[in-house]
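**Q** Here's a structure for you.
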């Protein structure tokens, strides 16, 4: 299985925060070619959540984990998706102090070094977009473009609205003990009811996605409390300074911010 040992990868100047040398980041690569894309997933999700995007970018549905040089390929796209610390097959620190969007950005940069990628297009979703912002601010010379999906500024911005439905979903999320329970609440968190009730052929989209989610969660196991609490703490404490924002604005690469028009939960 492909792992990146974070502690052995990071040189200065990005190693200004102490890192646990035992942290290992699990990753998979897909496709191949000179165009590099790094996908950073959000809270409590694994790299497998990027499946549709990976297929759209590379045509691949299974990883190849082949190392391609910068010059190889015929214009193809080489994608890397990984499990953030605290979830999936990556290491799970027990201390909340080992979770922050800056620390997790260092994990992503270590992975770029491990892969030998000098530059990459960086896509992030939700918490992953917060991490992507930190990556862009820390190593702007290595970012070809920055795509931020459903990003927030941390703190109370992580919770779009506080009503009975949101509280109900949060309660179900915390009480979920099996892949089936977790898949059910994830669907209600990620999609609108209208979308889930649409038919795809003879089956409702909810039924199709439910099977995919259960399979994905069962593959890596349920996220531990240490991992979830740590990642949640990273989201809550996330903040971009004015200096970091100016670094990104002046770096010269394209920044795309994508967000939903409506909130479904």
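Numbering (the working numbering), first residue to last: 57 to 321. Glycine included, each C-beta is placed from N, C-alpha and C at the ideal position.
(1) Evaluate the contact criterion for the stretch 256-266 versus the stretch 82-95: three or more CB pairs, one atom per stretch, below 8 angstroms.
(2) Can you have a look at residue 211 and say buried or exposed, based on whether 16 or more other CB atoms are within 10 angstroms of its CB?
(3) For the alpha helix (DSSP H) that contains residue 59, what are its first and last residues?
(4) Note down, in chain order, each residue of its chain lying with its Cβ closer than 6 angstroms to the Cβ of residue 279, except the 5 sequence neighbours on either side.
(5) If you run the structure through DSSP and keep just helix, strand and coil, what is residue 97?
(6) Please confirm whether residue 138 and residue 83 have their CB atoms less than 9 angstroms apart.
(7) What residues match up with residue 260 in a beta bridge as DSSP calls it?
(8) Between 252, 234, 313, which lies nearest to residue 274 when the distance is taken from Cα to Cα?
(9) Kindly list the residues whose CB is nearer than 6 angstroms to the CB of residue 98, restricted to its own chain and excluding five residues on each side of it in sequence; keep chain order.
(10) For residue 237 and residue 248, I'd like the C-alpha separation in whole angstroms.
(11) With 16 as the cutoff for other CB atoms within 10 Å, does residue 57 come out buried or exposed?
(12) Rounded to the nearest angstrom, what separates residue 266 and residue 110 at their Cα positions?
(13) Quick check on the burial criterion: 16 or more other C-beta atoms within 10 angstroms. Buried or exposed for residue 281?
(14) Taking 6 angstroms as the limit between beta carbons, can you name the residues of its chain near residue 148, skipping five residues before and five after?
(15) The beta strand (DSSP E) that contains residue 179, what's its start and end?
(16) Tell me residue 85's beta-bridge partners as DSSP assigns them.
(17) With 16 other CB atoms within 10 Å as the buried threshold, where does residue 104 fall?
(18) With distances taken Cα to Cα, identify the nearest neighbour of residue 102 among 299, 268, 295.
(19) Do residue 203 and residue 314 have their C-beta atoms closer together than 9 angstroms?
(20) Among all the DSSP beta bridges, which residues are the ones paired with residue 199?
(21) Pop quiz: residue 200 and residue 309 are said to be a contact at Cβ under 8 angstroms. What is the actual Cβ separation, rounded to whole angstroms?
(22) Nearest-angstrom Cα distance between residue 86 and residue 163?
(23) Could you check if residue 205 is buried or exposed, using at least 16 other CB atoms within 10 Å of its CB as the buried criterion?
(24) Span of the alpha helix (DSSP H) holding residue 110?
**A** Here's the rundown:
(1) no
(2) exposed
(3) From DSSP, residue 59 is part of no alpha helix (DSSP H) but of the beta strand (DSSP E) over 59-61.
(4) 100, 143
(5) coil
(6) yes
(7) 255
(8) 234
(9) 181, 182, 183, 184
(10) 18 angstroms
(11) exposed
(12) 19 angstroms
(13) exposed
(14) 142, 280, 282, 283
(15) 176-181
(16) 136
(17) buried
(18) 268
(19) yes
(20) 176
(21) 6 angstroms
(22) 19 angstroms
(23) buried
(24) 107-114
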